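J.: Quick note: the sequence shown uses the numbering used here, first residue 918, plus one each step.
Right, I'll just put the structure down here and ask away after.
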Amino acid sequence: MRVETSVIRVERVEGPEVAVLLTAEGREALRRWSYRRGDILTVVDASGAGFRARLLDDGQRVVPFEALPCSPEPRRERILWQALPDKERMLFILQKGVELGMTAILPLLTRHSAGMPEADKLVTWNRVVLAAAKQCRRAVLPRVLSPLPLSEAPGGDWGECHGWRLEVGGGVPHLHNLRRQRPEGGVILLVGPEGGWHPQERESLEEAGFRPASLGPRILRTETAALAGLAVLETCENLSGNVA
């Protein structure tokens, strides 16, 4: 499952305080980010290195002034499929998920999840994501996809992504171990509702190829599971030299 993201990309940085052009992708990303001239932002150059930079008045160039010690963004997709919780929990997941490196989120309607959100919720969700991305100086603006019933979610053709659904119970391998065993490729992390998966839903997810993964023996709230899972993925990436 490939999800288009908005990355602020620039040509190769030659050194600090040397102006560098935004790529066409970077200029398009800026239109979504709503940055203003003179703002501080995070950019990624042609080599994949990250920099703090200041946007110049022409809106076409930035001046890098600080090289980041490692890549500021996941090298591969980190997509959250989230059973739709109530309003406040969804906002919390969006905000903190951005901070933990989420690249996209697909809200899902399940038997035990909250009902279909109002039409204007997607605007609010995108506003929260934008504010969070600016606050933690992401170079990627995560995408919020329109909510879908679980039965209409994309099938098992996910490209290079591995699909894992979080479960509680004995005999379920820990997400950390699964990620260490399969460091290549992106991740689709599937988090269920507070009431758990209906047996028919679990069966359909297994048929779709979602492997079970655990965060331990405790029963977690849906927002806790989502953020703990993203944190595990972030930790695996840091420990393995930014390969996740």
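For glycine and all other residues, C-beta sits at the position ideal for the given N, C-alpha and C.
None of these values were measured; they are calculated from a predicted model.
Does the segment 1059–1066 come within contact of the segment 1029–1046, defined as at least 3 CB pairs closer than 8 Å?
T.: Cβ pair count under 8 Å is three or more, so yes.
J.: If we call anything under 8 Å between Cβ atoms a contact, is P933 one with P989?
T.: Against a cut-off of 8 Å, the Cβ pair of P989 and P933 comes out as no contact.
J.: DSSP three-state label for G1133, please.
T.: In the structure shown, G1133 sits in coil (DSSP, three-state: anything other than H, G, I, E or B).
J.: Please report the residue range of the beta strand (DSSP E) in which G967 lies.
T.: From DSSP, the beta strand (DSSP E) with G967 extends over G967 to L972.
J.: Which same chain residues, not among the five before or five after G1112, have their C-beta less than 7 Å away from its C-beta?
T.: Hits under 7 Å: H1029.
J.: Residues in its own chain within less than 7 Å of P1129 by CB, not counting five upstream and five downstream?
T.: Taken in chain order, the residues that qualify are R1082, E1084 and V1089.
J.: Rounding to the nearest angstrom, what Cα-Cα distance links P991 and E1151 in this structure?
T.: Cα to Cα, P991 sits roughly 8 Å from E1151.
J.: Here's the rule I'm using: 16 or more other beta-carbon atoms within 10 Å means buried, otherwise exposed. How should A963 be labelled?
T.: Exposed is the call here.
J.: Have a look at E994 and E942 and give me their C-alpha separation to the nearest angstrom.
T.: About 17 Å.
J.: In terms of alpha-carbon separation, which member of L1067, G1126 and L1132 lies closest to W1114?
T.: Checking every option, the nearest Cα to that of W1114 belongs to L1067.
J.: Exposed or buried, which one is Q1098 when buried takes at least 16 other CB atoms within 10 Å?
T.: Exposed, by the Cβ-count rule.
J.: Check the DSSP bridge columns for W998 and list the partner residues they point to.
T.: Bridge partners of W998: L1023 and L1107.
J.: Beta carbon of S1131, beta carbon of L1106: below 8 Å?
T.: Against a cut-off of 8 Å, the Cβ pair of L1106 and S1131 comes out as no contact.
J.: V1160 by DSSP, collapsed to three states: which one?
T.: Its pLDDT being 45, under 50, V1160 is placed unreliably in this model, and the value from its coordinates should be taken loosely. Here V1160 sits in coil by DSSP.
J.: The ligand PLP heavy atoms versus the CB of I925: any closer than 7 Å?
T.: The model on display carries no ligand, and the ligand PLP is accordingly not part of it.
J.: Could you check the C-alpha separation between A946 and N1094 for me, to the nearest Å?
T.: Cα to Cα, A946 sits roughly 35 Å from N1094.
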